[in-house]
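In what follows, a single structure is set out as structure tokens and then discussed.
In the numbering used here, the protein residues as written are 852 to 945.
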């Protein structure tokens, strides 16, 4: 789910404070995972270091703790059970 082109929805919005809110309308009920990217230099991608570790803020639904690898879909998935599902996603900067 972390690869470009596999997304179901994509949304870009400015970050004006330490908290951002967004809403997706019209998604069918089911399993999803959300990836948040703080694209600090506005180049439409996650910049990484030599080892592939993001230089910019990233976060995924469920806020899984992983070491040395990105989280999997199973670690990040959640069930969209009704029209108003709320998530809190923490963005990590390394």
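Think of the CB as a built atom: it goes at the ideal place given N, C-alpha and C, for glycine as much as any other residue.
Cα-Cα, which of 864, 890, 885 is closest to residue 928?
885
Check whether the region 923-937 touches the region 892-906, taking contact to mean three or more Cβ pairs, one atom from each stretch, closer than 8 angstroms.
no
For residue 870, count the other beta carbons within 10 Å of its own beta carbon; 16 or more makes it buried, fewer makes it exposed. Which is it?
exposed
By DSSP, does residue 924 sit in helix, in strand, or in coil?
Looking at residue 924 - three-state DSSP - the assignment turns out to be helix.
So, using beta-carbon positions, are residue 908 and residue 868 closer together than 9 angstroms?
no
Run through DSSP, which three-state label would residue 930 get?
strand
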